[in-house]
Structure formats: C-alpha cells, structure tokens
Amino acid sequence: MHRTYAPQPEVVARALSELSRLVGLQCIWKPITMWTAKNPAFQECHYHHCSAFCIKVKSDPERFKKCAVQERESLFHDSQNNPEPYLKRCHAGVTEIVVPIFEYGDIAGWLLMGPFRETGSQFSGYAATRKEWTRCPILTKAEIEQKMAVAKVFASGLIGISPRGRNFRPEDARVAKALGYVKDHIGERLLAGTVARYCGLSLSRFTQLFSNQMGLSFTDYVLQERVHLAEKFLADPFRIKADIAEELGFSDQSHFTRAFKKVTGLTPGDYQKWLAACSGVSPERKEHNR
1 MHRTYAPQPE VVARALSELS RLVGLQCIWK PITMWTAKNP AFQECHYHHC
51 SAFCIKVKSD PERFKKCAVQ ERESLFHDSQ NNPEPYLKRC HAGVTEIVVP
101 IFEYGDIAGW LLMGPFRETG SQFSGYAATR KEWTRCPILT KAEIEQKMAV
151 AKVFASGLIG ISPRGRNFRP EDARVAKALG YVKDHIGERL LAGTVARYCG
201 LSLSRFTQLF SNQMGLSFTD YVLQERVHLA EKFLADPFRI KADIAEELGF
251 SDQSHFTRAF KKVTGLTPGD YQKWLAACSG VSPERKEHNR
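Numbered per my numbering, the sequence shown spans residues 1 to 290.
Structure below.
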C-alpha cells in the first residue's frame, strides 16, 4: 500500500533553520492552529519573531499588544483572497515577506520572512527602537523579489503538514472518492452506508477498504476532519463557537465540545485560550463569548 507523507516536523524545523541561514533573515512558520508551539521539534525562533529588533519592540506591553493584534488579525484579513506572497509593513517600521499557505482552498498558515528594511525607507517607528531598527538588514527590490520566490517554493512543501499526519492520500480511487464526498458534505449527517453506496461498494467492503487505506475507521476520519476544520475556525478571532458547531454538522455546542476534546484533549474554549497564549491576543472577545 502506497501513502505519500509530507515532511516530518523535525525535518521542517531543520529546514526552517537552514532557510534562515541561507537568506539571512528569520523564517517563521505559523500554522493557523499554532501546533508548532507545543511540538518539541520546534524552537521558539521557528514560530515567534525573535530578532533583536522584535524583542526590543515587544519589551513594551503596549507595543507587544499591537504586534500580536496586527499579526493575527491582519494576516487573516490580508490573506483571505491573496494566495501570492506579499510584503507586510508593521507598526514598528519594518517589513517582512508573507507567504499564505492554503490547504483544500482554506488558509492553513503563513511562512514569514523578516524583518528587514527596504532600500530608501525612513525610520517611522518608536524612538526607543531606533538603534535596533538601524541594524535590520536593508534589501533592494530585486533582493526582495528573489527571497519571495524562494519563500514561495519552500512554503509549498508545508501544505498538508499537521500533528496528525493528515496529508496522506489513498491509493484506491473509491476511497479517494469517499474523501471528496466527506469534504463536500462535512456539515451534513455523514453515514458510512450512504458513502459506501456513493462509491459503489457494500457497507462491509467499504468500511474494511477505508480502514485499510486510511489507517482509521470512517467514523473516526469524519470526526478528525470536523475537528481539524474547527481548529482553523477557532483560530479566527471573528468566528463564533455556536456557529462553528452548526456549520460542521455537530448536533449542538455540547456535542461539539465533547468531540473536540476527544480529539485534541482540550475544550474549544481552552483551545482558544491556548492559541491566545501563543500569539499574545486576548481571547476575551465578544465574538467568542456570544
């Protein structure tokens, strides 16, 4: 049986370090769920801005808050309909390259490269950070375009990577057809018998074939897919838990909470708090508590 897996976290962590060394800029991978923050393969510099300039900026609580809010909310907003790499200029007066990473048509995370100064840029940040700002590398337009191209190629290798290894694809076309059906009907009641008929198989043959190909039962697969999408939705500060539960086919918010905790070990609310702790954004938002 053939399965294709994306690189393991240890490989990605080493690749990020090597990429940073080659381009002379810090390279950060921020999956939308921030699972890198609790994976021992990754160091803090792989998912948080750790340059001397960023550390100086974030040493002030108010500046730190601006960094966190801008990072989470502007990344979501700017990447919604923009699959191409772009430049993001922060409130502290530096620039970084952002490469949105999409999976199944949805935003899955970002590869960030920076910070740096653009040729001809003038200081427009905080007086207390001027010295550190002058030490940030200066890039020409041609150098920026070159690094953007490198970042885009590297980012393509991050698609599909997750802590549960969701990225493999089945060899059997009928199981692949079943996965497509699940994706298209994820918010509906999904029964193995219905999908088996759709794939032209008996229920017993379908459940056996699915388990052999995917490494887990059909029911468990549907649950993991729903929770995986829920992780993405919960990372969006403007999504409401009750709406997420309904959209993903859970009977009510209580059912959603039990299912989410079964897969992740956390309730949706605790997961949001954990994300907030990673990003520095307070989870106490009206949208989350309605």
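Each residue gets a CB set at the ideal place from its N, CA and C atoms; glycine is no exception.
Handout entry: Residue(s) in a DSSP beta bridge with TYR86
Key = By 1-based counting over the sequence shown, the position of residue 86 is 86. Note: TYR86 sits in a beta bridge opposite VAL98.
Problem - Reduced DSSP secondary structure (H/G/I, E/B, other) of ARG164 - result: Start at 1 with the first residue of the sequence shown, and residue 164 comes out as number 164. Low confidence applies here, because ARG164 scores a pLDDT of 35, under 50, leaving its location unreliable and the question unanswered by this model.
Practice task
Would you mind reading off the limits of the beta strand (DSSP E) that contains CYS67?
Solution key: Here residue 67 refers to the residue found at position 67 of the sequence shown. Counting along the chain, CYS67 falls outside any beta strand (DSSP E), though it belongs to the alpha helix (DSSP H) covering 61 to 69.
Practice task
Determine the burial state of SER79: buried for a count of at least 16 other Cβ atoms within 10 Å of its Cβ, exposed for fewer.
Solution key: For the purposes of this step, residue 79 is taken as the residue at position 79 of the sequence shown. SER79 is buried by the Cβ-count criterion.
Exercise for the section: Assess, as a yes-or-no matter, whether the segment 47 to 64 is touched by the segment 123 to 141 under the definition of 3 or more beta carbon pairs within less than 8 Å. Expected result: yes
Problem - Cβ separation of LYS65 and HIS91, assumed to be a contact under 8 Å, to the nearest whole Å - result: Translated into positions along the sequence shown, residue 65 becomes position 65. Translated into positions along the sequence shown, residue 91 becomes position 91. Rounded, the Cβ-Cβ distance is 11 Å, inconsistent with contact.
Problem - From THR95, ILE107 and PHE154, residue whose alpha carbon lies closest to that of ALA15 - result: In the sequence shown, the residue the question calls residue 15 occupies position 15. The candidate whose alpha carbon is nearest that of ALA15 is PHE154.
Exercise for the section: Find the nearest neighbour of PHE53 within the set LEU25, TRP29, LEU19 and HIS77, judged by alpha-carbon distance. Expected result: Residue mapping note: residue 53 aligns to position 53 of the sequence shown, counting from 1. Considering only alpha carbons, the answer is LEU25.
Handout entry: the segment 225 to 234 touching the segment 264 to 273, judged by at least three CB pairs closer than 8 Å
Key = A contact between stretches requires three or more CB pairs, one per stretch, nearer than 8 Å, and the segment 225 to 234 meets this requirement with the segment 264 to 273.
Exercise for the section: Run the CB neighbour count on TYR221, radius 10 Å, all protein chains shown included, and call it buried at 16 or more, exposed below. Expected result: Indexing the sequence shown from 1 puts residue 221 at position 221. Buried is the call here.
Handout entry: Straight-line gap, VAL12 to ALA149 (C-alpha atoms, nearest Å)
Key = Position 12 of the sequence shown holds residue 12. Position 149 of the sequence shown holds residue 149. Spanning the two alpha carbons is a distance of roughly 18 Å.
Practice task
Quick one: grab the DSSP three-state call for ARG174.
Solution key: Position 174 of the sequence shown holds residue 174. If DSSP states are grouped into helix, strand and coil, ARG174 belongs with the helices.
Handout entry: Host beta strand (DSSP E) of PRO137 (start-end)
Key = Taking the sequence shown and counting its residues from 1, one reaches residue 137 at position 137. Looking at the DSSP string, PRO137 is not in any beta strand (DSSP E), and its letter there is neither H nor E.
Problem - Which of helix, strand or coil DSSP assigns to ARG189 - result: Residue 189 sits at position 189 when you count from the first residue of the sequence shown. In this structure, ARG189 counts as coil in the three-state DSSP scheme.
Exercise for the section: Could you tell me the distance, in whole angstroms, from the CA atom of ASN212 to the CA atom of ASP172? Expected result: On the sequence shown, residue 212 is found 212 positions in, with the first residue counted as 1. On the sequence shown, residue 172 is found 172 positions in, with the first residue counted as 1. Cα to Cα, ASN212 sits roughly 10 Å from ASP172.
Handout entry: Between the CA atoms of LEU190 and VAL182 - distance to the nearest angstrom
Key = What you label residue 182 is simply residue 182 of the sequence shown in a count that begins at 1. What you label residue 190 is simply residue 190 of the sequence shown in a count that begins at 1. Whole-angstrom Cα-Cα distance: 7 Å.
Practice task
Starting from ILE144, follow the alpha helix (DSSP H) in both directions and report where the run begins and ends.
Solution key: What you label residue 144 is simply residue 144 of the sequence shown in a count that begins at 1. Run containing ILE144: 141 to 156, per the alpha helix (DSSP H) assignment.
Practice task
In angstroms with no decimal places, state the Cα-to-Cα distance between GLY165 and LEU179.
Solution key: Position 165 of the sequence shown, counted from the start, is the residue given in the question as residue 165. Position 179 of the sequence shown, counted from the start, is the residue given in the question as residue 179. Caution applies to GLY165, whose pLDDT of 40 falls short of 50 and renders its modelled position unreliable; the model cannot decide the point.
Problem - Span of the alpha helix (DSSP H), counted from its first residue to its last, around CYS27 - result: Against the sequence shown, residue 27 aligns to sequence position 27. Run containing CYS27: none in the alpha helix (DSSP H); it sits in the beta strand (DSSP E), 27 to 31.
Problem - Bridge partners - MET113, DSSP secondary structure assignment - result: For the purposes of this step, residue 113 is taken as residue 113 along the sequence shown, with counting starting at 1. Under DSSP, MET113 shares a beta bridge with CYS27 and ILE97.
Exercise for the section: Count the other C-beta atoms from every protein chain shown that fall within 10 angstroms of the C-beta of GLU10, then say buried if there are 16 or more, exposed otherwise. Expected result: Looking up residue 10 in the sequence shown gives position 10. Exposed is the call here.
Problem - PRO61 and GLY109 closer than 7 Å at C-beta - result: As a position in the sequence shown, residue 61 is number 61, starting the count at 1. As a position in the sequence shown, residue 109 is number 109, starting the count at 1. Not in contact: PRO61 and GLY109 (Cβ atoms no closer than 7 Å).
Handout entry: ILE107 - DSSP class collapsed to helix/strand/coil
Key = Position 107 of the sequence shown, counted from the start, is the residue given in the question as residue 107. Note: ILE107 maps to strand in three-state DSSP.
Problem - Alpha-carbon spacing of ALA185 relative to GLY249, whole angstroms - result: Taking the first residue of the sequence shown as position 1, residue 185 is located at position 185. Taking the first residue of the sequence shown as position 1, residue 249 is located at position 249. Checking the sequence, you will find His at residue 185 rather than Ala. Going by the C-alpha atoms only, they are around 9 Å apart.
Handout entry: Residues sharing a beta bridge with GLU118, DSSP
Key = Along the sequence shown, read from residue 1 onward, the residue named residue 118 stands at position 118. In the DSSP output, where bridge partners are listed per residue, GLU118 has LEU139.
Practice task
Verify whether the separation of the beta carbon atoms of GLY293 and ILE97 is less than 7 Å.
Solution key: Given a span of 1 to 290 for the chain in the structure shown, any question on residue 293 remains unanswerable.
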